[in-house]
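Undergrad: Structure in structure tokens, see below.
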Amino acid sequence: MKNKSGKIFLIGAGPGDKGLITVNALEKLKVADVVVYDRLINDELLSSCKKDCELIFVGKESGFHPIEQEKITEILIAKSKQGNTVVRLKGGNPFIFGRGSEEAVALKKENIDFEIIPGITSGLAAPVYCGIPITQRGEITQCVFITAHECPEKPGTQVEWEKLAKLKNTSLIIYMGASRIETISKTLIKFGMDPATPAAAIENATLPIQRTISERLDKIPELFREQNFHAPVIIVISPTISLREDICWFEKKPLFNKRIVVAGADEESEYFYNILSEYGAEVLYLPVMKTYIKNIKLNFYNHFSNNDFEWLLFSGELEVKYFFELLQRENLDSRILGNKKIAAIGHRTANKLKFFNLIPDYSISDFEVSSFNQEFVKKYKLKGKKILRIQNDITYDRIHQELVNSDVTIEKISIFDSGVSKPEQRIIEKLNQRTPDVLIFTQPDSIDYFFNALGVKSATEIAHNAHNVIIDPITSENILEKNIKRYSISTEYESKNLSEFVSKLI
Numbered sequence: 005m006k007n008k009s010g011k012i013f014l015i016g017a018g019p020g021d022k023g024l025i026t027v028n029a030l031e032k033l034k035v036a037d038v039v040v041y042d043r044l045i046n047d048e049l050l051s052s053c054k055k056d057c058e059l060i061f062v063g064k065e066s067g068f069h070p071i072e073q074e075k076i077t078e079i080l081i082a083k084s085k086q087g088n089t090v091v092r093l094k095g096g097n098p099f100i101f102g103r104g105s106e107e108a109v110a111l112k113k114e115n116i117d118f119e120i121i122p123g124i125t126s127g128l129a130a131p132v133y134c135g136i137p138i139t140q141r142g143e144i145t146q147c148v149f150i151t152a153h154e155c156p157e158k159p160g161t162q163v164e165w166e167k168l169a170k171l172k173n174t175s176l177i178i179y180m181g182a183s184r185i186e187t188i189s190k191t192l193i194k195f196g197m198d199p200a201t202p203a204a205a206i207e208n209a210t211l212p213i214q215r216t217i218s219e220r221l222d223k224i225p226e227l228f229r230e231q232n233f234h235a236p237v238i239i240v241i242s243p244t245i246s247l248r249e250d251i252c253w254f255e256k257k258p259l260f261n262k263r264i265v266v267a268g269a270d271e272e273s274e275y276f277y278n279i280l281s282e283y284g285a286e287v288l289y290l291p292v293m294k295t296y297i298k299n300i301k302l303n304f305y306n307h308f309s310n311n312d313f314e315w316l317l318f319s320g321e322l323e324v325k326y327f328f329e330l331l332q333r334e335n336l337d338s339r340i341l342g343n344k345k346i347a348a349i350g351h352r353t354a355n356k357l358k359f360f361n362l363i364p365d366y367s368i369s370d371f372e373v374s375s376f377n378q379e380f381v382k383k384y385k386l387k388g389k390k391i392l393r394i395q396n397d398i399t400y401d402r403i404h405q406e407l408v409n410s411d412v413t414i415e416k417i418s419i420f421d422s423g424v425s426k427p428e429q430r431i432i433e434k435l436n437q438r439t440p441d442v443l444i445f446t447q448p449d450s451i452d453y454f455f456n457a458l459g460v461k462s463a464t465e466i467a468h469n470a471h472n473v474i475i476d477p478i479t480s481e482n483i484l485e486k487n488i489k490r491y492s493i494s495t496e497y498e499s500k501n502l503s504e505f506v507s508k509l510i
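Take the sequence shown: its position 272, counted from the start at 1, is 276 in this note's numbering, and no numbers get skipped.
What follows is the structure, encoded as structure tokens:
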């Protein structure tokens with residue numbers, strides 16, 4: 005039962021990159037009953053919320069405010085008085101041009117308990133992500149944050165442009181200036197700023213679609229129009245912009261500005277997001293399949309107490325995960341395996357076994373079936389012998405066939421099922437906004453589930469326009485059945501190798 009009075013956390017989510025949210029903020033997001041969030045929030049953060057969390061979008065964008073500030077405050081108060089833990093998720097830092105103080109004052113008047121968790125403001129993050137220091141020893145000793153979007157109810161501007169134009173050794177950081185960049189430029193020059201002063205504009209800062217332009221103060225409005233820049237934009241005016249070419253780092257990542265869609269099981273999302281985003285890609289994870297453990301009880305003693313087989317084969321980390329879940333359900337642990345040997349296909353499978361304190365007797369780093377046959381079957385003289393394979397209901401692949409062809413008997417334990425998972429609407433909308441450069445299928449089943457989840461027409465269009473990557477040779481048979489010819493096979497299943505493989509394609 006909820007408390008009579010709830011609590012509100014005013015949280016800064018940072019400038020866009022989901023990794024820039026603070027640990028404290030993320031922990032509060034995970035336990036929230038209600039999240040009231042803005043347009044510029046990275047919606048990947050919302051996947052951290054509880055399944056029953058109520059998500060309320062109150063986004064604002066230039067020229068279109070669907071919900072007035074007063075209404076947002078009313079929502080916060082109402083949800084809190086219902087006894088909820090409420091997160092007000094705001095872009096950047098709620099106390100830097102974020103109207104967080106207005107909301108805090110309103111909550112105080114209603115005697116509602118609240119906390120404020122700061123975030124990284126875009127005025128700090130944007131210059132860093134494009135290689136512009138806003139202070140520089142011996143050159144720049146101060147910086148000023150300025151809003152170009154003042155309260156429309158005021159009779160005139162409160163920004164003292166004349167004084168700003170005369171400041172020395174200063175970086176000017178201007179928020180919300182996309183629609184006023186020409187006026188800003190002319191005003192500063194009118195009040196005495198050198199027209200040749202370096203200026204820069206950063207669009208969609210900290211995201212893989214970030215764009216940056218730099219030019220003289222008097223010429224940057226024209227370049228801004230030519231490059232069709234739009235909000236959200238941070239404008240920087242500072243001599244330190246000249247250092248950008250030397251210390252720019254984010255925009256030089258090998259997969260920068262490339263959109264990669266990964267179709268697979270929900271359990272794989274964090275792994276693929278981390279390894280591909282590290283190389284600068286915009287990663288959109290599409291959970292097209294769901295897996296779930298079978299509600300069964302297996303007599304493990306019958307399987308492991310006899311001497312019919314000496315090898316236990318795992319070909320994926322899900323098999324390992326669910327195998328140990330079933331063991332724990334029956335109050336057993338790895339000791340039941342006794343002297344059985346363990347084979348693992350893929351580093352991720354081997355690493356998952358190590359997580360459960362088991363080191364495979366044999367492991368192969370890729371899915372090359374011919375290598376598997378040569379190194380495993382012949383090396384360990386398995387012809388005419390029996391192995392036990394842990395799998396899902398539909399696992400019947402070239403590995404299975406190769407073992408049968410090599411006169412190896414396979415006993416199977418099916419411990420989990422898989423099915424179609426319908427991606428959230430926000431993910432579908434994002435997918436339709438921009439064609440992916442690369443589409444990665446993580447396993448054979450994910451191709452069929454991709455087509456089932458999106459529909460044949462939409463899935464075919466996306467697959468034909470992207471470069472498709474399949475991470476094992478087994479999957480090639482499935483993709484050819486869909487008449488998709490533009491694909492590459494990667495036997496590099498691990499982080500650095502897979503990212504480098506994709507980089508070479510595009």
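Backbone N, C-alpha and C define an ideal beta-carbon position, used for all residues, glycine too.
(1) Going by alpha carbons, who is nearest to V109 out of E78, P137, K83 and L322?
(2) Considering only the beta carbon of each residue, do L227 and I239 sit closer than 8 Å?
(3) According to the Cβ coordinates, are K298 and I419 closer than 8 Å?
(4) Would you call L502 buried or exposed, if buried means 16 or more other Cβ atoms sit within 10 Å of its Cβ?
(5) Using a threshold of 8 Å, state whether the C-beta atoms of T295 and S450 are closer than that.
(6) Say whether the stretch 112-126 touches the stretch 9-21, bearing in mind that this needs 3 or more beta-carbon pairs closer than 8 Å, one atom from each stretch.
(7) Taking the CB atoms as reference points, tell me whether I138 and S9 lie closer together than 8 Å.
(8) Using C-beta distances below 8 Å, list every residue in its chain close to L302, excluding the 5 sequence neighbours before and after it, in chain order.
(9) L435 and V265: beta carbons closer than 8 Å?
(10) F318 and G342 look like a contact to me (Cβ under 8 Å); what is the Cβ gap, rounded to whole Å?
(11) Give the straight-line distance between the Cα atoms of Y453 and G95, rounded to the nearest whole angstrom.
(12) If you run the structure through DSSP and keep just helix, strand and coil, what is S242?
(13) Nearest to V412 by CA position, among R393, P427, S425 and P291, is which residue?
(14) In the structure shown, what three-state DSSP assignment does I76 receive?
(15) With H468 as the anchor, note down where its alpha helix (DSSP H) starts and where it stops.
(16) Who are V287's beta bridge partners in DSSP?
(17) Say whether the stretch 123-132 touches the stretch 47-54, bearing in mind that this needs 3 or more beta-carbon pairs closer than 8 Å, one atom from each stretch.
(18) With burial defined as no fewer than 16 other Cβ atoms inside 10 Å of the residue's Cβ, what is the status of R490: buried or exposed?
(19) For A204, which of R215, D198, K194 and T210 has the nearest alpha-carbon?
(20) Mind checking N306: buried by the 16 CB within 10 Å criterion, or exposed?
(21) Would the C-beta of G320 count as close to the ligand MN, meaning under 7 Å from any of its heavy atoms?
(22) Any idea which residues DSSP pairs P236 with across the strands?
(23) Could you give the first and the last residue of the continuous alpha helix (DSSP H) run that contains R229?
(24) Taking contact to mean 3 or more Cβ pairs, one atom from each stretch, closer than 8 Å, check whether the stretch 253-268 and the stretch 287-294 are in contact.
(25) Would you mind working out which of I414, E433, L458 and F445 sits nearest S511, comparing C-alpha positions?
(26) Where does R402 land, buried or exposed, given buried means 16+ other C-beta within 10 angstroms?
(27) Which two residues bound the contiguous alpha helix (DSSP H) that contains I251?
(28) By how many angstroms is the C-alpha of T210 removed from the C-alpha of A129?
(29) Is it right to say V91 is buried, meaning 16 or more other beta carbons lie within 10 angstroms of its own, or is it exposed?
(30) Going by DSSP in three states, S410 sits in which element: helix, strand or coil?
(31) So L24 packs on S52, CB below 8 Å; how close in whole Å?
(32) Mind checking V408: buried by the 16 CB within 10 Å criterion, or exposed?
(33) Can you tell me which of the three DSSP states S9 falls into?
(34) Report the rounded CA-to-CA distance for E415 versus D312, giving the unit in angstroms.
(35) What first and last residue would you give for the alpha helix (DSSP H) that runs through T61?
(36) Apart from the five residues just before and just after E166, which ones in its own chain have a Cβ nearer than 7 Å to its Cβ?
TA: On the basis of the supplied data:
(1) E78
(2) no
(3) Yes. Within cutoff.
(4) buried
(5) Annotated as distal: T295 and S450, with beta-carbon spacing of 8 Å or more.
(6) Three or more Cβ pairs drawn from the stretch 112-126 and the stretch 9-21 lie within less than 8 Å of each other, which places the two stretches in contact.
(7) Result no, Cβ atoms of I138 and S9 do not sit closer than 8 Å.
(8) Once the five neighbours on either side are set aside, the close Cβ partners of L302 are L330, E334, I417 and I419.
(9) yes
(10) Incorrect: roughly 17 Å between the Cβ atoms, too far for contact.
(11) 35 Å
(12) Here S242 sits in coil by DSSP.
(13) Closest option to V412, Cα to Cα, is R393.
(14) helix
(15) H468 -> alpha helix (DSSP H) spans V460 to N469.
(16) I264
(17) no
(18) exposed
(19) R215
(20) exposed
(21) In the structure on display, the ligand MN does not appear, and there are no ligands present to speak of.
(22) Assignment of beta-bridge partners to P236 by DSSP yields no partner.
(23) I224 to E230
(24) yes
(25) No answer is possible for residue 511: it lies beyond the span of the chain, which begins at 5 and ends at 510.
(26) buried
(27) R248 to I251
(28) So the alpha carbons of these two residues sit roughly 7 Å apart.
(29) Here V91 is buried. Its C-beta has 16 or more other C-beta atoms within 10 Å.
(30) coil
(31) In fact, because the Cβ distance is near 14 Å, the residues do not count as touching under 8 Å.
(32) exposed
(33) coil
(34) 10 Å
(35) Thr is not the amino acid found at residue 61; the sequence shown has Phe there. No alpha helix (DSSP H) holds F61; the beta strand (DSSP E) holding it covers E58 to F61.
(36) F195
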